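Below: the structure, in structure tokens.
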Amino acid sequence: MDWINLAVTLIKIVVLTFMVLLPMIAYSVWAERRVAAKIQNRVGPNRTGIPFTKWGLAGLGQPIADGLKFIFKEDFTPAHVRTGFFWLAPALTMVPALMTCAVIPFGSELNIAGYKIPLVIANLNVGPLFIFAIASLSVYGIVLAGWASNSKYSFLGGVRSTSQMISYEISLGLSIVPIVMIFGELNLTEIVKWQDSNGWLLLPFWGEGPLLPKVILLVPVLISFLIFTVSMFAETNRLPFDLPECETELVAGYHTEYSSMKFALFFLGEYAAMIIGSGLAVTLFLGGWSLPGGIGSDLVDKPLWLGIAHFFCFLIKMIGFILLFIWVRWSLPRFRYDQLMRLGWVFFFEIALANVLLTALILIYFK
Amino acid sequence: MLDLLFYIFATLSVVGALGVIVNKNPVTSAFSLIAAFIGLAALFIQLDAYLVGIIQILVYGGAVMVLFLFIIMLMDLPSEERRKFGWGPVAGGILLGCVFVVQLVRVLADYSAGSRVMQDLPVGAASDVEQIGKLMFTQYYFPVQVVGVLLLVATIGVVVLSKKELD
Amino acid sequence: MAIVVKRPKLTFGEKIYLSSIAKGMLITMGHFWRALLGKGTVTMQYPEEKWDENLPEYYRGAPALVTDEQDRERCVACQLCEFICPPRAITILPEEIPSEDEWAKVEKRPRKFEIDMSRCIYCGFCQEVCPEQAIFLRKDYAITGTSRAEMVHDKDKLYEIGGVREGLVNKWNELK
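Read top to bottom, the protein sequences are chains S, R and F. The opening position of the first sequence corresponds to residue 0 in numbering that gives the first Met the number 0, with each subsequent residue numbered one higher. The opening position of the second sequence corresponds to residue 0 in numbering that gives the first Met the number 0, with each subsequent residue numbered one higher. The opening position of the third sequence corresponds to residue 0 in numbering that gives the first Met the number 0, with each subsequent residue numbered one higher.
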């Protein structure tokens, strides 16, 4: 029985990280390029389809071609770098991003021949904390890249990234405290189950329970959601806050000296962090895998079709959130560095603290 | 299986801890320390102390060491020079080690292994997050408040000290 | 003299940026949907659609040598273009025109005139500097080759691209 559990876990790791997450990373790059093109009245990559034919398939072959290109490019290590750390840095960015997907519930459970398989790799009681802890390690990859490259642009990028990530980790952590208070739970699976029967945190319009407190709770939840989302942008170094790699000032920031697959790991690590961030936001605020309207939430034994529907529901929500990331990136200009720090320390930190207090007051008043 | 994981992570923390003092380059030392912390956190998690393990990574691995590293990099510390070998520090180190071993032997002599078997937590019991939280806000409420005030004082002190230079 | 720029006073609504952010996001969203429905896309799908007939008069394509109306090569191998060429793409080997030739009074002509198109930057300096108006930038822009040697345009190729150019200065013929 133990070995079966181990095998199931291994299969889940392989399927969820390498067959769900990695293709999603690759195709979010494609989506990024296509959406950016559409926003700028261009076409975007639309030709790389099936080789030796005229079928472009809207450029769906592009990620595969990009990957092949990265693998076959010359892997150049400049002479002035600290080689050991230079090689370690890309791995340190990619690995934490992939590790965090261990606690994200991708679906409820798959009922295969009476054997229920929960679609989460590790059902920890400290889900969000685990994600924050592992994600906070990914800063080392960037710092190390900046330091080991031994170039001023990389170094400045690394330094910027460090201070930015430390600053926004605080508001990120504080922003989910009210959410955790509302759920009274740190287990992501339980959080989603709660939302499945009581309505999503941002749309609490179905399920049992009195409606008025839920609607009043929407105020702190909305504030939390806003702070969480913006901090997520800063944590993943995405565009309004992409100062660690801002091209106009730092060439390419911390990965200036990198080429080939090592560069690709930085590039894809950013997208992986973005996808995990979207997954966490969806899980906490948008009901995770639960279907809209609370469909099927009263079934104790979930049939196979419901499990599959839950899985795809989660993926669709996640894709929607990734599209939001992309949309923001191609709409908003870059912040100045002092503005970024001011926003993090002066506004978000205080608002998040006040929000905790507000939530506590509401919870005490209504329960 | 679990034993194997224990040995992997124990080795990681021991090797990391050794790396801190053996390495000449301060950045390498800092990274060894991070490796030691991560190994330690993994050991905590193996003992089902999820919160402690995660906090270990979050606070020490993710925040404190980042600041350490940040400062080391900004100051661009050179690698340590080879120091002159002196008998004084070596003798002191050996003495300290001996004292530690004696203490360990005394403690282990009093401890009879296997006499007290700890009960496993029943499945579905309150999570360790909940229990630690309850303890902190009931039994240890006063110390928590004192530590909070202490941190506040430190914060204000830092602000005062760093602002003074501007005038 | 220093000019004091009056900064506009921002209201609270403007200071928190949220309205402008929303406005900007709506604009990009509008562009996205219009482009998704196939309107407003300005991209030209290159190998299928080309811009050739719309190329402006001043378009700077591949440089080429021209002959005049009497089929004389205009180039007198003064090597000014070779001298001015920023990427040093031009190589000229002058030779004397034998005295029995019809154009013996011109004295020099290029024996070898090569432009390395893998170096050419289409700057047009050669055209500007030429005292004989012998070299012109044409509208050919898709210069390709499978080897470096193929990318070097020799004299025959240059005259083939350039062709005959009538009018302009007539220093060496009877028309003057």
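Using N, Cα and C, we set each Cβ at its ideal position, and we do this for glycine too. This one's a predicted model, so the numbers in the text were calculated from it and none came from an experiment.
Does the separation of the CB atoms of residue i and residue j fall below 8 Å?
i, j, result
"Met273/S", "Thr228/S", "no"
"Arg110/F", "Pro93/F", "yes"
"Val75/F", "Lys107/F", "yes"
"Thr27/F", "Ser330/S", "yes"
"Thr16/S", "Cys100/S", "yes"
"Gly145/S", "Val158/S", "yes"
"Gln61/S", "Pro44/S", "yes"
"Ala96/S", "Ser137/S", "yes"
"Tyr270/S", "Ile24/S", "yes"
"Val119/S", "Ile103/S", "yes"
Measure the alpha-carbon distance for residue i versus residue j and round it to whole angstroms.
i, j, result
"Phe71/S", "Val94/S", "22 Å"
"Cys312/S", "Arg32/S", "24 Å"
"Asp139/F", "Asn53/F", "13 Å"
"Val19/R", "Ala34/R", "10 Å"
"Val152/R", "Val345/S", "20 Å"
"Gly287/S", "Gly278/S", "8 Å"
"Lys175/F", "Gly166/F", "In this prediction, Lys175/F has a pLDDT of 46, which is less than 50 and means its spatial position is unreliable; what the coordinates show is noted afterwards. The straight-line gap from Cα to Cα measures roughly 11 Å."
"Val65/F", "Arg147/F", "24 Å"
"Gln194/S", "Phe334/S", "35 Å"
"Tyr253/S", "Pro55/F", "43 Å"
"Phe324/S", "Leu283/S", "17 Å"
"Ser27/S", "Ala48/R", "36 Å"
"Leu155/S", "Met164/S", "14 Å"
"Glu13/F", "Ser19/F", "7 Å"
"Leu1/R", "Val65/R", "30 Å"
"Arg59/F", "Met98/S", "54 Å"
"Thr76/S", "Leu143/S", "15 Å"
"Cys245/S", "Glu72/F", "54 Å"
Give a yes or no on whether 8 Å exceeds the smallest Cβ distance from residue i to chain S.
i, result
"Phe136/R", "no"
"Met74/R", "no"
"Tyr49/R", "yes"
"Val14/R", "no"
"Leu64/F", "no"
"Phe5/R", "no"
"Ala62/R", "yes"
"Gly12/F", "no"
"Phe31/F", "yes"
"Phe69/R", "yes"
"Ile20/R", "no"
"Val128/R", "yes"
Three-state secondary structure (DSSP) at residue i?
i, result
"Lys175/F", "Low local confidence applies: a pLDDT of 46 at Lys175/F is under 50, so the model's placement there is unreliable, with the coordinate-based value given in what follows. The answer is coil: DSSP assigns Lys175/F none of H, G, I, E or B."
"Thr42/F", "coil"
"Tyr140/F", "coil"
"Arg32/S", "helix"
"Tyr114/S", "strand"
"Leu36/F", "coil"
"Leu157/F", "helix"
"Lys8/F", "coil"
"Arg159/S", "helix"
"Phe71/S", "helix"
"Ala6/S", "helix"
"Leu298/S", "coil"
"Ala133/F", "coil"
"His309/S", "helix"
"Arg333/S", "coil"
Does residue i have its Cβ less than 8 Å from a Cβ in chain F?
i, result
"Asn149/S", "no"
"Leu331/S", "yes"
"Trp326/S", "yes"
Mind checking if residue i is an interface residue toward chain R, Cβ cutoff 8 Å exclusive?
i, result
"Glu358/S", "The sequence shown places Thr at residue 358/S, rather than the Glu named in the question. False, the Cβ-Cβ gap to chain R never drops below 8 Å."
"Ser160/S", "no"
"Thr193/S", "Sequence inspection shows Trp at residue 193/S; the Thr mentioned does not correspond to that position. So, not an interface residue."
"Phe131/S", "yes"
"Asn4/S", "no"
"Leu279/S", "no"
"Asn197/S", "no"
"Asn122/S", "no"
"Ser170/S", "no"
May I ask you to check if the CB of residue i is nearer than 7 Å to at least one heavy atom of the ligand NAD?
i, result
"Leu3/R", "Because no ligand of any kind appears in the structure shown, any question about the ligand NAD cannot be addressed here."
Please list, in chain order, the residues of the stretch 44-77 of chain S that have any C-beta partner in chain F closer than 7 Å.
none
When Cβ atoms are compared, which residues of the stretch 210-236 of chain S fall closer than 7 Å to chain F?
none
Quick one, which residues of the stretch 27-43 of chain S are near chain F if we go by CB-CB under 9 Å, in chain order?
Val34, Ala36, Lys37, Ile38, Gln39, Asn40, Arg41, Val42, Gly43
When you check each C-beta in the stretch 35-46 of chain F against every C-beta of chain S, which residues fall closer than 8 Å?
Leu35, Gly39, Thr40, Val41, Thr42, Gln44
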